[in-house]
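Please read the structure below before turning to the comments.
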Amino acid sequence: MLLLESMIDKLKSTFYNSVDFTAKEISWPNEEYAILCYYSSMVNKSDVQNQINVLKVQASVDEEKWTETMAAVKEPFQMEKFVDYICHGETIILLLTEKQMVHLTLPEIPHRSPDEPINENILRGSHEGFVENVDVNIGLIRKRIRMPNLVVNKMEVGKETKTDVYYMYLDNVANQQSVSEVESKLKLMQEKTKSLYTAGEVGDYLEESVYSPFPQMLNTERPDRVFANLVEGKIAVFTNISPTVLLGPVTFFSFYQSPDDYNGRVLVGSFYRMVRVFSFLTAVFLPAFYIAIVSFHFEILPIELSKKLRLDISEIPYRPIIEAMILEIIIELIREASVRLPQAIVQTIGIVGGLVIGNVIVTAGLVSNMMVIIVALTAISSYVVPSVEMNMSIRILRFPFMLAAALAGFFGIVIGGFVLFIHLLNLHSLKSPYFSPIVPFEPKKIKQIFVRGPFVKPSPQTSSFDPEGRKK
Amino acid sequence: MRQVTIVCLCSVLLLAGCWDERLYKNLSVISVAGFEGHMGELVSYYVYPNSASDPTQFTVIETKGVSPRDTRNKADMKMDQTIDLSELTVLLIAEETAHDDIYPYLDVYYRNPQNPINSKIAITKGSPKDFLSIKEPLPSDVGEFYENFIESMERDTIFPKDLDLQQAGSRLFDEGIDLAIPYLKKDEAHGTPIAAGLALFNQRKFTGTILNTKESLLLNLLAKGKSDTARMTFLYEEDDKKTPLTIDIIRLKKKIKQQGNSKRITINVKIEVNIDEFPSDHLGKEKIEYQLEKFLSKKIQNNMNKMIKKCQDASSDPIGIGRKVRAKGSNIWKEGKWKDTYSTLDIQTNVDVKIIRSGILK
C-alpha cells in the first residue's frame, strides 16, 4: 500500500501538483491495484464513470478482450505516452501489477455552438460557422461531402503547445503538387515553431511571399465556403485552436466570390459579382484619381462640375494629398475603434464619427466636401469584398497610389498600376499562379470573374414553326 | 541589379520634369476670352468670376499687349492667381481683327499643350468686350452661357456642328475647304448676344461677307448634313391666300457632280421632310401634297443657288467643293489659282423635296 501512495505522489509531481490533476486509487476486480488519473477540467465525468462501470463488469467476468470498447484502449505503460494522453484530455486507469494502462478518450473541451461568423455574413444559404473545436469543424465538412476520398491528415505543430494542424482535401480532385507543397511547408513549420498561437501563423508559413499586400491563402469561417472550395480541388488547413480555415491554392478572384452568388439567382448573382469586381477599382484608384485631377489635370472636368469643385477646394489651406490623408486616417480610426468596442457603443461611434465629424470637418474648412464624398465612397467600396483579409489589403494599397498621384498625376497612377500588376502576375499561391484566368490566359474562365453561370443549361424551347424540332 | 532597378525607377519618377504640379486651387480658371485690335497693339479680355459663391458675377480683365501671349502675361499681373485657360470654352474674335490673317492670333492655342483645342470660336460684331460684360443677369457663368448658346445653334443646324479650334486649325491650311465661323451680333435693347449667321473665310482671312441664319442653315445642310433639327419656314401662296408652311428636314442626301474638266458643277439634293406647320391642311390629298413638294423644291433650290453665289462672290468655299474637285484629279484644280476658278464655276443645285410625314394626328 505504501508503494501505491508513493506512486500517486510521483504521478502528481509529474504534473507539478496542479490542483486540477487528479490521481486516486479505485477498487478493481481480480484483486488488481488500479489508479485513476485525469485532468478534472478536461473530461466528461459522468461518461467516464459509466465507462469505468462497464469495464469493471467486463473485467470481472474475465472476458479476453475486456478493454476493447468504443472509448477504451489498453496498452503497456510508458511515462511519455501517459503524460501525452493526460494532456489531451484523456482518462487513464493504471493497472499496477499488469504494468498496463487503459486510456479512455472521453474529453470534454468547451466550445461554442456552430453559429454564423459575424465577419462573413450572407443573406441566404447555410448559416453555420466553424468553432474552436476541430472535430466539430471536420464534422461540418463531412456532413457535406459524404465520400471516402475526403482525406484528413494531421500534423502536430509547436514544440511547446503541441497544436494539431489538420489539412483536408479531396483525393483525385486536388492537385497532388499542391498537397505535397502543403505537407512540406507544414513539416518546415513543425521544425521551426515552438508555439503556435493563431491560424495566421500557419498562413505565414504557407504563403510564398509574406511581404506581399495580397493574401495568398483564403481565410474563412464558413463551412459552405470551404466545402465549395474543396470540391473545386483546393486544400483546407484547420487548426484546433481557431475557427479560421485557410484555403489554397487560390486566385485573386476567389476573394471576390461569395456563397451568396450561388444561393441567389443567375442574373442577380452575376450582377453583384460584377459590382464587387468594380469595387476593387474604386477602392484602390478613386482617391488617387481625384488627387491627380485636382493637382494636375483639372481640365478634364466638365465646366459645370469644375465651378463647384473650385469653390469647394479654394478654401482648403493645404494640398489635396494632405487633405486626403487626414480623412483617410480619420476613417481608419473610426474603423479600428468600432472593431474593438462592444456592440452597444459601436452605434454611438458610428454617429459621432461618421455624421458629426464628417459634417463639421467640412464647415470647419479642414477638408472639402468632394474629398468627403470620395473617401466615404472608397471606404464603402473596400468593404464590399467578401473576405476580411482582402479588404485590409485593399485599404492599405490605396495609400501608395495616392502618393503616386500626388507626385505625378495620372502618370504616377499608371506607373503604380504597372508595379501592382507586375507583382500580381508574379505571385503564386501554393505554386499555382495567383492571377489565374488572366495570366496564364484562359478565355473561357475569364467569363467566370464577372458572371456566375447557371448550374443547368436551359433546354431550347420548341419552336412553334417547327414543332418537331428538326432544325437545331 | 537591385540598385540599377532602383535608380531606373527613381529617374522615371523624379526626372519626368514636365509633370509639374498644377494645383487647381491656385489657378484662376478662365472660361471665356476674347481679343480685338491687331498684332502689336492687341487688346485681350478675360472673364474672371469675382465672387466665389456666385459665379454669375464676374469681372472682365482688359489688357493691352503685343501678342495674345503677351496680353495673357500682362493679365496675370493684374490678378492674385495665375490665369489658366485649360477650361476655355469659347474664344471671341472681333470682326476687324479677323480681317487679318487669324492664324497668328491662334498660334498660342495650338502650341501650348495645356490650352484646350476643343473650345468654340466665334466672330463678334464690334468689340468682344461688349459681349463679355453683359448687364442682364445670365442663367449661368458667361463661359457656360456662350458654350450652350453656340451648341444650341449647332443642334438647329445654324452653326456648323463641332466646329472648334482643332477643326478650324486644319481648315485654315486647307485650300479645298474654307471656314465659316459663327457670327454674333448684339441685341441693343438687352445687351445679350444674337446669333446672326456665319462669317465666311477665305483661307485665313475673313471675307467680310456674312450669311444670315437662313443661308447658314442651307450651307450647313450642304456641307455637313442636318444636325438634330433643321427647320425652314415659307409663306405659301394659294389662290391669293397666304399660309405659313414650316418644314423639318428628316433626311437629306446630296451628291456633288462634276464631269471632266467642265466648270459646271451640279449638286443633287434629295430631302425628305416632315410638315411642322401648315394651317390650311388637306395634306392627305395627293394634289396638294404634289403642289407643296413642287413649291418647296423650287423655293429651296433658289435659296441654295443664291447662297452659293454669295459664297462664290466672297471667294469662300465652306461647302468643300474644292476638296471634291481635287479628289477627282480634275484639271480645273490644277490650272491657275483655285480660288479664282472657284468664283467662276457654274454651280447649280437640283432639289427634290418629298413630304413623308405630316404631323402626329393628320
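Going line by line, the protein sequences match chains A and B.
According to this note's numbering, the first sequence holds residues -12 to 459 in order.
According to this note's numbering, the second sequence holds residues 1194 to 1555 in order.
Glycine is no exception: its CB is placed at the ideal position from the N, C-alpha and C atoms.
Same chain, Cβ closer than 6 Å to residue i, neighbours up to 5 away in sequence not counted
{"i": "B:K1532", "result": "S1508"}
{"i": "B:K1503", "result": "none"}
{"i": "B:T1534", "result": "I1525"}
{"i": "A:P104", "result": "G116, E208"}
{"i": "A:F462", "result": "Any question about residue 462 of chain A goes unanswered here, given that chain A covers just -12 to 459."}
{"i": "B:I1176", "result": "Since the first residue of chain B shown is 1194 and the last is 1555, residue 1176 of chain B is not available in this structure."}
{"i": "B:L1489", "result": "V1546"}
{"i": "B:I1549", "result": "E1465"}
{"i": "B:I1286", "result": "I1316"}
{"i": "A:N356", "result": "D299, V349"}
{"i": "A:R131", "result": "F214"}
{"i": "B:C1201", "result": "none"}
{"i": "B:M1497", "result": "L1411, T1542"}
{"i": "A:L81", "result": "I22, M88"}
{"i": "A:D248", "result": "G256, R260, R439"}
In DSSP terms, what residue i is bridged to
{"i": "B:I1276", "result": "B:S1221"}
{"i": "B:Y1238", "result": "B:G1227, B:E1255"}
{"i": "B:T1459", "result": "B:K1450, B:Q1541"}
{"i": "A:Y153", "result": "A:K141, A:F225"}
{"i": "A:F8", "result": "A:Y26"}
{"i": "A:W15", "result": "A:E19"}
{"i": "B:D1441", "result": "B:R1424, B:N1467"}
{"i": "A:E62", "result": "A:M88"}
{"i": "A:P94", "result": "A:V30"}
{"i": "B:A1287", "result": "B:T1317"}
{"i": "B:R1550", "result": "B:N1467"}
{"i": "A:I80", "result": "A:L23, A:V89"}
{"i": "B:T1534", "result": "Its beta-bridge partners do not exist; DSSP assigns none."}
{"i": "B:F1436", "result": "Note that residue 1436 of chain B is Thr in the sequence shown, not Phe. DSSP output for B:T1436 lists B:Y1429 as bridge partner(s)."}
Contact set for residue i: own chain, Cβ-Cβ below 8 Å, skip 5 residues either direction
{"i": "B:Y1303", "result": "I1310, L1358, G1362"}
{"i": "A:N162", "result": "G220, P236, S419"}
{"i": "B:E1280", "result": "V1222, I1223, S1224, P1309, G1336"}
Cutoff 7 Å; reference residue i; Cβ partners in own chain excluding five residues on either side
{"i": "A:F359", "result": "Before going further, note that residue 359 of chain A is Val rather than Phe in the sequence given. The residues are L314, G345, V349."}
{"i": "A:P427", "result": "P420"}
{"i": "B:I1276", "result": "S1221, I1223, Y1239, R1265, A1268, D1269"}
{"i": "B:V1518", "result": "Q1451, I1525, W1526"}
{"i": "B:K1492", "result": "F1427"}
{"i": "A:K459", "result": "The predicted position of A:K459 is uncertain, since its pLDDT is 47 and thus under 50; a value taken from the coordinates is nonetheless stated next. There are no such residues."}
Touch test, the segment 147 to 160 of chain A against the segment 407 to 415 of chain A, Cβ-Cβ under 8 Å, three pairs minimum: no
Touching by the beta-carbon criterion (3+ pairs, under 8 Å), the segment 51 to 70 of chain A and the segment 91 to 102 of chain A: Verdict: yes, contact present.
Under 7 Å (Cβ pairs) to chain B, residues found in the segment 279 to 305 of chain A: V281, S282, F283, F285, E286, I290, E291, S293, K294, R297, L298, I300, S301, I303
Chain A contacts made by the segment 1319 to 1341 of chain B, where a contact means CB separation under 9 Å: S1333, D1334, G1336, E1337, E1340
Those runs of the beta strand (DSSP E) which lie wholly inside the segment 209 to 282 of chain A and span at least 3 residues: Listed in chain order, they are 222 to 226, 229 to 235.
Segments of 3+ residues assigned as beta strand (DSSP E) that fall wholly inside the segment 1303 to 1348 of chain B: 1313 to 1317
Those runs of the beta strand (DSSP E) which lie wholly inside the segment 1347 to 1434 of chain B and span at least 3 residues: 1373 to 1379, 1386 to 1395, 1398 to 1404, 1424 to 1431
Touch test, the segment 110 to 118 of chain A against the segment 64 to 72 of chain A, Cβ-Cβ under 8 Å, three pairs minimum: no
Residue ranges of each alpha helix (DSSP H) within the segment 413 to 446 of chain A, 4 or longer: 430 to 437
Members of the segment 397 to 429 of chain A near chain B, C-beta cut-off 7 Å: F398, I402
Near-chain A residues of the segment 1274 to 1293 of chain B - C-beta to any C-beta below 7 Å: S1279, E1280, T1282
Against chain A: residues of the segment 1291 to 1315 of chain B by CB proximity under 8 Å: Q1307, P1309
Chain A contacts made by the segment 1208 to 1230 of chain B, where a contact means CB separation under 7 Å: A1209, W1212, E1214, R1215, L1216, Y1217, K1218, V1222, S1224
Complete beta strand (DSSP E) runs within the segment 165 to 213 of chain A (minimum length 3 residues, chain order): 205 to 207
Sufficient close CB pairs (3 or more, under 8 Å) joining the segment 172 to 187 of chain A to the segment 78 to 90 of chain A: no
Residues from the segment 1512 to 1527 of chain B in contact with chain A, defined by Cβ distance under 9 Å: none
Inter-stretch contact at 8 Å, needing at least 3 Cβ pairs: the segment 1445 to 1459 of chain B / the segment 1473 to 1484 of chain B: Segments in contact, no.
At least 3 beta-carbon pairs within less than 8 Å: the segment 145 to 155 of chain A vs the segment 181 to 190 of chain A: Proximity of the segment 145 to 155 of chain A to the segment 181 to 190 of chain A meets the contact definition, three or more beta-carbon pairs being nearer than 8 Å.
Segment contact flag, the segment 434 to 442 of chain A with the segment 250 to 261 of chain A, C-beta cutoff 8 Å, min 3 pairs: yes
The segment 1366 to 1379 of chain B touching the segment 1261 to 1275 of chain B, judged by at least three CB pairs closer than 8 Å: no
Contained alpha helix (DSSP H) runs [length at least 4] in the segment 349 to 397 of chain A, N- to C-terminal order: 356 to 369
Any 3 or more C-beta pairs closer than 8 Å across the segment 1378 to 1391 of chain B and the segment 1317 to 1328 of chain B: The way I'd put it, the segment 1378 to 1391 of chain B does touch the segment 1317 to 1328 of chain B; three or more beta-carbon pairs between them come closer than 8 Å.
The segment 264 to 274 of chain A contacting the segment 130 to 138 of chain A, beta-carbon criterion three pairs below 8 Å: no
The segment 381 to 395 of chain A / the segment 270 to 286 of chain A touching (three or more Cβ pairs under 8 Å): yes
Completely contained alpha helix (DSSP H) runs for the segment 1463 to 1521 of chain B, where each covers 4 or more residues: 1479 to 1506, 1514 to 1521
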